Amino acid sequence: MFKCAVAVLVIFILLLSCSDRAFTQEKVRIGWAAMTASHTPLWVAQEKGLMTKHGLAPELIFFGAGPPAMQALVAGDLDIVVTSAPNVVNPRLGGADTVMILSIIPTFIDHIISAPNITSPEQLRGKIGSVNRFGSISDMGMRLSLKRLGIDPEKDVRIVPAGGNPERLAAISKGISQFTIMNEPFIKEAERLGFRDLVNMATLKIPLHGNGIVTREAI
Numbered sequence: 002m003f004k005c006a007v008a009v010l011v012i013f014i015l016l017l018s019c020s021d022r023a024f025t026q027e028k029v030r031i032g033w034a035a036m037t038a039s040h041t042p043l044w045v046a047q048e049k050g051l052m053t054k055h056g057l058a059p060e061l062i063f064f065g066a067g068p069p070a071m072q073a074l075v076a077g078d079l080d081i082v083v084t085s086a087p088n089v090v091n092p093r094l095g096g097a098d099t100v101m102i103l104s105i106i107p108t109f110i111d112h113i114i115s116a117p118n119i120t121s122p123e124q125l126r127g128k129i130g131s132v133n134r135f136g137s138i139s140d141m142g143m144r145l146s147l148k149r150l151g152i153d154p155e156k157d158v159r160i161v162p163a164g165g166n167p168e169r170l171a172a173i174s175k176g177i178s179q180f181t182i183m184n185e186p187f188i189k190e191a192e193r194l195g196f197r198d199l200v201n202m203a204t205l206k207i208p209l210h211g212n213g214i215v216t217r218e219a220i
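The numbering of the sequence shown is the numbering used here, which starts it at 2 and goes up by one.
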């Protein structure tokens, strides 16, 4: 499945770039929105030179979250963004021609990580949970997961923005929050530091195009 994801990613980027600029070796500007394992197909394609092999000159540009990457796409500063479906919706509702043309991950694959003394989801009540930023995919994932677990994210817990995975790990380490949402490789690092891998969100089977290739219809 992983090799298939890499191959499909490269094929779609090639198709998007089948214009004069592809043959003149102009850069294909690709934004990626988070330091997570779900972007591995993109990194592998870059490290193995798969896009360069086919005549492209990819420029990978890192963004801390999906919304600013999408803003850059709408402004014409990017050709492609690898991000989640919810980040496509707001620009589209605002009149932009953003479109997701390929889904790489069909569900949430993050985990809820908690302080060691929290041993069940029920014990999250009354606690503080941290996400990247309000409206981000981590915020949506956290809220939907809590609902699936029978916890009201508006009443039973307090959710605060703390930044990316490293910042959220720092927040839970300092006691600023008691639980957070993370993905690999940060899950293993959190466990190494003594935190609990409380919930594998993939088991909740919440449908979501968790990562995909986003571009503009004009492109």
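Just so you know, even glycine gets a beta-carbon here, dropped at the ideal spot from N, CA and C. These numbers were taken from a predicted model, which means no experiment stands behind them.
First through last residue of the beta strand (DSSP E) which encompasses residue i
i    : result
F63  : A58 to F63
R217 : P208 to R217
S104 : T99 to T108
L199 : R197 to N201
Residues that DSSP places opposite residue i in a beta bridge
i    : result
T181 : I114 and S131
N166 : Paired residues: none, contrary to the question.
K28  : A58
M52  : Note: M52 sits in no beta bridge, so no partner.
I160 : G130
D153 : Note: D153 sits in no beta bridge, so no partner.
C-alpha gap between residue i and residue j, whole angstroms
i    : j    : result
T53  : V82  : 18 angstroms
S85  : H210 : 6 angstroms
V100 : F187 : 30 angstroms
G136 : A76  : 20 angstroms
I105 : E218 : 19 angstroms
V7   : A46  : Unreliable placement is indicated for V7, whose pLDDT of 45 sits below 50; the coordinate value is still reported in the next sentence. Cα-Cα distance, rounded: 6 angstroms.
F24  : A58  : For F24, the predicted model reports a pLDDT of 48, less than 50, meaning its position is unreliable and no value from the coordinates is stated.
I220 : D80  : 7 angstroms
G1   : R193 : With the chain running from 2 to 220 in the structure shown, residue 1 is simply not present.
E123 : I113 : 13 angstroms
A203 : D111 : 7 angstroms
L147 : D153 : 7 angstroms
F196 : L170 : 10 angstroms
F180 : I160 : 9 angstroms
N166 : G96  : 31 angstroms
Residue i, enclosing alpha helix (DSSP H) - first and last residue
i    : result
L145 : I138 to R149
P42  : T41 to E48
R193 : F187 to R193
Any chain D beta carbon closer than 7 angstroms to residue i
i   : result
T84 : Absent here is chain D; the protein component of the structure consists of one chain.
Notebook entry, point to check: Which runs of the beta strand (DSSP E), 3 residues or longer, sit entirely within the region 72-96?
Noted result: 81-84
Margin query: Does the region 79-97 come into contact with the region 116-123, if we say contact requires no fewer than three beta-carbon pairs (one atom in each stretch) closer than 8 angstroms?
Written below: no
Margin query: When you compare the region 128-144 with the region 57-76, are there three or more beta-carbon pairs, one atom per stretch, that lie closer than 8 angstroms?
Written below: As far as the Cβ criterion goes, the region 128-144 touches the region 57-76, which means the pair count is three or higher.
Next item on the list: Give a yes or no on contact between the region 43-60 and the region 166-180, applying the rule of three or more CB pairs nearer than 8 angstroms.
Entry: no
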